[in-house]
Structures are given as C-alpha cells and as structure tokens.
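Undergrad: Take a look at the following structure, please.
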Amino acid sequence: MFVQRQGLVVWLYSLKQAKMLRRFGNVHYVSKKLKYVVVYCNQDDAEEIIEKLQSFSFVKKVEPSYKPFLKMEYENSAPDKAKEYDYKMGI
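In terms of my numbering, the sequence shown opens at residue 576 and continues consecutively.
Here's what the structure looks like:
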C-alpha cells in the first residue's frame, strides 16, 4: 500500500533552480545558507533520478540517503542494575 521513499540531497551552485526540482519528487527542505535541497522520491526510481539530476549544470553533486537501508530496531544490551534497583525502591 505504501511506496518506499528515499531522500536525495542535491547540492547546488545557485538556488535559482531549486523550484525546478519539484518535478523529480517532493521538495522537503531547502537550505539557503549551504545551498542544498532535500528531495524525496520513490525508491524504485531513485537511481534514474540521480542520473538525471547529475546531468544538470547547476547541480554540484547528488547524495542518496541511506536511512531506508539502516536497521531501525535496536537491541537492548544488559539492563542497568542501578536503575532497576531505583525503580523497585520507588525513587
């Protein structure tokens, strides 16, 4: 039901063309100071969009976000004995 999304960080020489990037996906954030745009697109189309964006003369570089590939479930290490004692005492 949900389409997998991936963020792309597009570094620009000038922000004049930042508005034009809307046709490649959802523009999430535009940094005026550092001159980059965060664009979210479908994960299946990400490679094609990166190639298209790199072909433009106003684009310095394009970096994909690695968040979809990171493991988001964390495993707890051994619980802290001091905290367990405090919880049992009601502190």
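For each residue, glycine too, the CB sits at the ideal point set by N, CA and C.
Looking at the strands, I want to know which residues DSSP matches up with Pro639.
TA: If you number the sequence shown from 1, residue 639 lands on position 64. BP columns for Pro639 point to Leu583.
Undergrad: Could you check how far apart the C-beta atoms of Ile625 and Leu583 are, in whole angstroms? I think they sit under 8 Å.
TA: Looking up residue 625 in the sequence shown gives position 50. Looking up residue 583 in the sequence shown gives position 8. Right, their Cβ atoms sit about 7 Å apart.
Undergrad: Considering only C-alpha positions, which residue in the set Pro639, Phe631, Arg580 is nearest to Asn601?
TA: Locating residue 601 in the sequence shown gives position 26, counting from the first residue. Minimum Cα distance to Asn601 is reached at Arg580.
Undergrad: Which same chain residues, not among the five before or five after Leu628, have their C-beta less than 8 Å away from its C-beta?
TA: As a position in the sequence shown, residue 628 is number 53, starting the count at 1. Once the five neighbours on either side are set aside, the close Cβ partners of Leu628 are Leu583, Val585, Leu596, Phe599, Val634, Val637.
Undergrad: Quick one: using the 10 Å Cβ neighbour count with 16 as the cut-off for buried, is Leu645 buried or exposed?
TA: Your numbering for residue 645 matches position 70 in the sequence shown. Exposed: under 16 other Cβ atoms inside 10 Å.
Undergrad: Rounding to the nearest angstrom, what Cα-Cα distance links Ser630 and Glu650 in this structure?
TA: What you label residue 630 is simply residue 55 of the sequence shown in a count that begins at 1. What you label residue 650 is simply residue 75 of the sequence shown in a count that begins at 1. About 42 Å.
Undergrad: Can you check which of these residues, Cys616, Leu587, Ala621, is closest to Ser632 by C-alpha distance?
TA: In the sequence shown, counting from the first residue as 1, residue 632 sits at position 57. Cα-wise, what sits closest to Ser632 is Leu587.
Undergrad: Could you tell me which whole alpha helix (DSSP H) segments of length 4 or greater appear in the region 610 to 639?
TA: With a minimum length of 4 residues, the continuous alpha helix (DSSP H) runs that stay inside the region 610 to 639 are 621 to 629.
Undergrad: Considering just the uninterrupted stretch of the beta strand (DSSP E) at Tyr604, what are its terminal residues?
TA: Indexing the sequence shown from 1 puts residue 604 at position 29. Looking at the DSSP string, the run of the beta strand (DSSP E) that includes Tyr604 is 601 to 606.
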